[in-house]
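Chains as they are written, first to last, in full-length UniProt numbering: chain F, 1 to 171; chain U, 1 to 171. Idealized CB from N, CA, C, for every residue including glycine.
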DNA sequence: CACGGCTGATTGACATGTCAATTAGTAGCT
DNA sequence: AGCTACTAATTGACATGTCAATCAGCCGTG
């Protein structure tokens, strides 16, 4: 282990035009897809995808209620993001905040009847939209490839994340 | 073309658990990727991906200047989004707005020296990050599959977009 | 040339996100 | 009890996006 052959630093190479094109196609397509789904959800249910994530979690929770921090962990959001969002959802009467008996710092987030109704009305159209815009577009092999790509990219991100202080967030 | 056999409306089926899992993995991975890239760009250059898109377009433009609406079309942004963004970029002296001689309603967006410098310093690290986080993660076949997926999904979106009033936006 | 309609761009109101600071309460230790 | 450290959640300031409304200047037509 004395003299390493100074091998070419492949890490320094830049992407080729073709690689860059694929990157842009890929990331922009995902973005367009997300935005199309969001638009449908919005127009069909007056819910944003954030609303949907929160309502989904609460609808599955015991007693339709959850501690704010649990909720944040469950849907993988920053706490302040959740706090702001809950404020907006509370104004629309989709959820309610209650004091927490066990820990008076804490808040319990409770699904309201309105919230539950909105969520229930949104699920089928939303799932249908996912099928129409994503699943139906792809052959079986392509669907498998999509899952494979996601897993591979995640693994790689996690690996390089361990070497950088990289914080990763979802939308 | 008289009597269509009332075939089963496959369109009504909902995605299976597995299909839904792949969808979520796919879209969340894209989101995480985008956010990781954005974070790197931000920390290395103090530029957002929006800034980058604008600066890239201007840097390639004739005389480093472009009409606002051309710019919007080029990077496929809504005009109001661009207007707001340009306001922020102007405050940071990355671009400047000039009156347009030919059409006095119009504005010409001009790349400043500061903007050009920022952009030039950001490109190599940014491209490198794309290679590290995306290209390097994938085998050749996977990269091809990614391009194929993007194209297929786009084509499908465009087709269904023709049947709905679907507006599609990029980030 | 006047007018009515179109176009270029900005604006305001608001939703959504991030980050840093703050507030309030719990817990461990002495 | 009193101090300190940690945790729960919110808040404020700001960046980023969307949508609808507005404002100004262009242009074809009578």
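Which residue marks the beginning of the alpha helix (DSSP H) containing residue i, and which one marks its end?
i: residue 47 of chain F; result: That residue, residue 47 of chain F, is in no alpha helix (DSSP H); it is neither H nor E in DSSP.
i: residue 124 of chain U; result: 113 to 133
Using C-beta distances below 6 Å, list every residue in its chain close to residue i, excluding the 5 sequence neighbours before and after it, in chain order.
i: residue 171 of chain U; result: Summary for residue 171 of chain U: the model assigns pLDDT 30, below 50, so the residue's position carries little reliability, and this model does not support an answer.
Compare the C-alpha of residue i against each of the options and name the closest.
i: residue 102 of chain F; options: F:117, F:66, F:154; result: F:66
i: residue 31 of chain U; options: F:63, F:150, F:42; result: F:150
i: residue 55 of chain U; options: U:35, U:14, U:157, U:117; result: U:117
i: residue 133 of chain F; options: U:60, U:155, U:148, U:68; result: U:155
i: residue 38 of chain U; options: U:147, U:127, U:16, U:82; result: U:127
i: residue 104 of chain U; options: U:60, U:68, U:148; result: U:68
i: residue 224 of chain F; options: U:135, U:160, U:159; result: The requested residue 224 of chain F is not part of the displayed model; chain F covers only 1 to 171.
i: residue 24 of chain U; options: F:78, F:83, F:34; result: F:34
i: residue 89 of chain F; options: F:61, F:60, F:21, F:47; result: F:47
i: residue 119 of chain U; options: U:93, U:59, U:160, U:106; result: U:59
Evaluate residue i with the Cβ neighbour count: other Cβ atoms within 10 Å of its Cβ, from every protein chain shown; 16 or more gives buried, anything less gives exposed.
i: residue 131 of chain U; result: buried
i: residue 29 of chain F; result: buried
i: residue 40 of chain U; result: buried
i: residue 137 of chain U; result: buried
i: residue 172 of chain U; result: Absent from the model: residue 172 of chain U. The displayed extent of chain U is 1 to 171, so no value can be given.
i: residue 51 of chain F; result: buried
i: residue 45 of chain F; result: buried
i: residue 53 of chain U; result: buried
i: residue 115 of chain U; result: buried
i: residue 129 of chain U; result: buried
i: residue 146 of chain F; result: buried
Could you please give the first and the last residue of the uninterrupted beta strand (DSSP E) stretch that includes residue i?
i: residue 78 of chain F; result: Premise fails: residue 78 of chain F is in no beta strand (DSSP E) and is neither H nor E.
i: residue 92 of chain F; result: No beta strand (DSSP E) holds residue 92 of chain F; DSSP gives it neither H nor E.
i: residue 65 of chain U; result: 65 to 67
Looking only at its chain, what residues have a beta carbon closer than 8 Å to the beta carbon of residue i, apart from the 5 residues adjacent to it on each side?
i: residue 152 of chain F; result: none
i: residue 14 of chain U; result: none
i: residue 57 of chain F; result: 66, 71, 74, 75
i: residue 167 of chain U; result: Note on residue 167 of chain U: pLDDT 41, under 50, position unreliable in the model; the coordinate value appears next. So no residue of the chain qualifies.
i: residue 49 of chain F; result: 34, 37, 38, 41, 171
i: residue 158 of chain U; result: none
i: residue 86 of chain U; result: 54, 68, 95, 97, 109
i: residue 84 of chain F; result: none
Among the residues of its own chain, which have a CB less than 7 Å from the CB of residue i, if the five just before and after it don't count?
i: residue 82 of chain F; result: 68, 71, 72
i: residue 148 of chain U; result: none
| message | Any contact between the segment 110 to 120 of chain F and the segment 91 to 102 of chain F? By contact I mean 3 or more CB pairs, one from each, below 8 Å. | response | Segments in contact, yes.
| said: Using a Cβ distance threshold of 8 Å, determine whether the segment 140 to 147 of chain U contacts the segment 114 to 128 of chain F, with at least three qualifying pairs required. | reply: When C-beta atoms of the segment 140 to 147 of chain U are compared with those of the segment 114 to 128 of chain F, fewer than three pairs fall below 8 Å, so the two segments do not count as touching.
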